[in-house]
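Asker: In order, the protein sequence lines correspond to chains D and E.
Per our numbering, the first sequence starts with residue 166, numbered consecutively.
Per our numbering, the second sequence starts with residue 8, numbered consecutively.
Let me begin by handing over the structure; questions about it come next.
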Amino acid sequence: MAEITSLRDAVAQLVHDGDTVALEGFTHLIPHAAGQEIIRQRRTDLTLVRMTPDIVYDQLIGAGCARKLVFSWGGNPGVGSLHRFRDAVQNSWPVPLEIEEHSHAGMANRYVAGASGLPFAVLRGYRGTDLPRHTDTIKTITCPFTGEELAAVPAINPDVSIIHAQRADRAGNVQMWGLVGVQKEAVLAAKRSLVTVEEVVDELTPVPGQVILPSWAVTAVAEVPGGAHPSYASGYSERDNEYYAYWDSIGRERDSFRAWLDEKVFGVEVAR
Amino acid sequence: MTTTVERTYTSDEMMSVAAARALTGGQRVFVGIGLPSTAANLARRTHADDLVLIYESGTLGSKPTRLPASIGDGILADTADAVISVPEVFNYWLQPGRIDVGFLGAAQLDKFGNINTTVIGTDYADPKVRLPGAGGAPEIAANCHEVYVVVRQSKRSFVDQVDFITSFGHGRGKGEREELGLPGAGPTLVITDLGVMRPDPDTAELVLTQIHEGVTVDQVKEATGWDLKVAAELTTTPPPTEAELTALRELKAAK
């Protein structure tokens, strides 16, 4: 059963130096507060996995928490580049960053294989692209029934997956809705999981299009209102588009980023 | 060319209008954010209100009343026929060939329509510029029935050969897609702020088939990094109509 705990305790217990960590949320429900708590607890040497390493991973990478990034699209959506990510790849700042690069279809299928308890997934992908020449986790496999050559990608099984959802009940059952991305797969693929939620309620009122993660499939739940900001939680908040543009000015230079870290992450003693 | 008539629209507006006109009613379109999304939503507002817009964040049939700020903008989900998971987008809807048009942008495009959104520079491990990467594009370019690319044209972005093939166009020429077993026809249309290019039916090399009003062939050649061939029957894009411009500007102004 999921333990309902604080964000600080959950990160302290579940995320260790050197772990493979997936923070998911496809533009919606991105667990930003949890990402900042990982920085605050000064985790290092992480392998970060995420389809769209946007601001949340720009922050973790710039803070030097990551050794490796497994991803399929690394930009600031609707704005442009991730400058901390670029600085790490191009200049190894603040630490070298190894990358393992896929397409969205490949990453989504890697999570599906992980959630399914299978060693790999099959898809019709990557054909003709230069990705397989640089990413050794893209191989080909021949269909035993038709002879078609298909792409094979290994399962992702993170040590810990972290997502943000709208609600949980007091027993730790999790409810989310709207764009649900690949979060269910990420949680089910992981050895341990943390879900931050907008609120913990007595009863989960059904919502159209909802996804339920039963308490027994989740390790910990922490109540973190606004924990997705500048991303959003449908029904609770709107996407802060201005912040995404503002991040460009923070992330662009090392000094402005460091100042942001000191003030907004390390300067905040206790996680929300 | 005469320059006495002052244009009442920008070249970017001409590009969006030309791209919107390429879409026809009822088509199912996989929409990338940015220029493609602007054009697709303009088409819905003008001549193709039954266009089915699919965004990779997991929406089928989005009908936004303003331009989405990102593919995860809540308005795409709130106005969709169905909201689905990301694995479902790629496995159930894109991969089996249910989508007519993949509508993509590009950082770098070459004369055979190959797209690079990964790195500038030929050393992947030590790139000159690290770009965002593939996203959904490789499989969109492979599996949609055809691909339209909308991109601003410059010598820097229109190159003889891309530094990195993120999304396969026509490789190095006709027949390569078939050899690779790619289901879709690949890029059939490239729309820029200067004109329109289509692959030559025999070689698959992109050829200038249309220029926007007020643009010269020399201008387009000057903005192309290879020796651009020009179709025998070059046409001129009619300028945006009042209705098109009004719809586009309302769309961009809507909050």
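Quick reminder that beta carbons are idealized off the backbone N, C-alpha and C, glycines included.
Residues of the region 102-116 of chain E with a CB closer than 7 angstroms to any CB of chain D: list them in chain order, please.
Answerer: Listed by position along the chain: Q102.
Asker: What is the DSSP secondary structure of T305(D), counted as helix, strand or coil?
Answerer: In the structure shown, T305(D) sits in a strand (DSSP, three-state: E or B).
Asker: Apply the 10 Å Cβ neighbour rule to G343(D) and answer buried if 16 or more other Cβ atoms are within range, or exposed otherwise.
Answerer: G343(D) comes out buried.
Asker: Based on the DSSP output, what are the partners of I61(E) in its beta bridges?
Answerer: Its beta-bridge partners are F37(E) and L67(E).
Asker: P196(D) and I327(D) look like a contact to me (Cβ under 8 angstroms); what is the Cβ gap, rounded to whole Å?
Answerer: Right, their Cβ atoms sit about 5 angstroms apart.
Asker: Among P208(E), G188(E) and L49(E), which has the Cα closest to the Cα of A238(E)?
Answerer: Residue P208(E) is the option with its Cα nearest to A238(E).
Asker: Closer than 7 angstroms by beta-carbon distance: list the chain E residues that pair up with E388(D), in chain order.
Answerer: Residues of chain E passing the Cβ test: none, with the nearest at roughly 22 angstroms.
Asker: Answer yes or no: does any C-beta atom of chain D fall closer than 8 angstroms to that of A211(E)?
Answerer: No, no contact with chain D.
Asker: Can you name the start and end residues of the beta strand (DSSP E) that A231(D) belongs to?
Answerer: A231 to F236 is the extent of the beta strand (DSSP E) around A231(D).
Asker: If we count the other Cβ atoms within 10 Å of its Cβ and call it buried at 16 or more, is S257(D) buried or exposed?
Answerer: The residue in question, S257(D), is exposed, as its Cβ has fewer than 16 Cβ neighbours within 10 Å.
Asker: Please decide whether F191(D) counts as near chain E, where near means a Cβ-Cβ distance under 8 angstroms.
Answerer: So yes, F191(D) belongs to the interface.
Asker: Contact check, Q115(E) vs V169(E) under 8 angstroms by CB: the rounded distance?
Answerer: The pair is a contact, with the Cβ atoms about 5 angstroms apart (cut-off 8 angstroms).
Asker: Please report the distance separating the alpha-carbon of A270(D) from that of N98(E).
Answerer: Going by the C-alpha atoms only, they are around 8 angstroms apart.
Asker: Which residue marks the beginning of the alpha helix (DSSP H) containing H299(D), and which one marks its end?
Answerer: Here the alpha helix (DSSP H) through H299(D) covers L296 to H299.
Asker: In angstroms, rounded to a whole number, what distance separates the CA positions of E265(D) and T248(E)?
Answerer: Cα-Cα distance, rounded: 47 angstroms.
Asker: Can a CB atom of chain D be found closer than 8 angstroms to the CB of S174(E)?
Answerer: It does: the Cβ of S174(E) has a partner Cβ on chain D nearer than 8 angstroms.
Asker: Check each residue of the region 395-426 of chain D: if its Cβ is closer than 8 angstroms to any Cβ of chain E, include it; give the result in chain order.
Answerer: Residues S396, Y397, S399, E403, R404, N406 and Y409.
Asker: Pull out every residue of the region 221-241 of chain D whose Cβ sits closer than 9 angstroms to any Cβ of chain E, in chain order.
Answerer: Against chain E - using a Cβ distance shorter than 9 angstroms - the residues of the region 221-241 of chain D are F236, S237, W238, G239, G240 and N241.
Asker: Under three-state DSSP, which class holds S23(E)?
Answerer: In the structure shown, S23(E) sits in a helix (DSSP, three-state: H, G or I).
Asker: If you reduce the DSSP assignment to three classes, tell me which class A174(D) lands in.
Answerer: Checking the displayed sequence, the identity of residue 174(D) turns out to be Asp instead of Ala. Reduced to three states, the DSSP call for D174(D) is helix.
Asker: Where does M216(D) land, buried or exposed, given buried means 16+ other C-beta within 10 angstroms?
Answerer: That one is buried.
Asker: Distance cutoff 8 angstroms, beta carbons only. Does R332(D) sit that close to anything in chain E?
Answerer: Not one chain E Cβ lies under 8 angstroms of R332(D).
Asker: Give the interface partners of I40(E) over in chain D, defined as CB-CB distance under 8 angstroms, in chain order.
Answerer: Per Cβ cutoff of 8 angstroms: P242 and G243.
Asker: Check L252(E) in the structure and name its three-state DSSP category.
Answerer: L252(E): helix per DSSP, three-state reduction.
Asker: Is V24(E) close to chain D, meaning its C-beta is less than 8 angstroms from at least one C-beta of that chain?
Answerer: Chain D, which has no Cβ nearer than 8 angstroms to the Cβ of V24(E), makes this no.
Asker: My guess is that A387(D) and L359(D) are in contact by the Cβ rule of under 8 angstroms, so how many angstroms apart are they, rounded?
Answerer: With a Cβ gap of about 7 angstroms, A387(D) and L359(D) count as contacting.
Asker: Skipping 5 residues on each side, what residues in its chain have a beta carbon closer than 8 angstroms to that of P145(E)?
Answerer: Excluding sequence neighbours, P145(E) sits near T173, S174 and F175.
Asker: To be precise: take each residue of the region 255-288 of chain D, compare its Cβ to all Cβ atoms of chain E, and keep it if any distance is under 8 angstroms. Which residues remain?
Answerer: Under the 8 angstroms Cβ criterion, the region 255-288 of chain D contributes Q255, E266, H267, S268, H269, A270, A273, N274, Y276, V277 and L288.
Asker: At 9 angstroms on the CB atoms, spell out the chain D contacts of L187(E), in chain order.
Answerer: Chain D residues near L187(E): R292 and G293.
Asker: Determine, for E350(D), whether the minimum Cβ-Cβ distance to residues of chain E falls below 8 angstroms.
Answerer: Yes, because at least one Cβ of chain E sits closer than 8 angstroms to the Cβ of E350(D).
Asker: Based on DSSP bridge pairs, tell me the residues matched to H267(D).
Answerer: BP columns for H267(D) are empty, so no partner.
Asker: So for E220(E), helix, strand or coil by DSSP?
Answerer: In this structure, E220(E) counts as coil in the three-state DSSP scheme.
Asker: Taking buried to mean at least 16 other C-beta atoms within 10 Å of its own C-beta, is R292(D) buried or exposed?
Answerer: Under this definition R292(D) is a buried residue.
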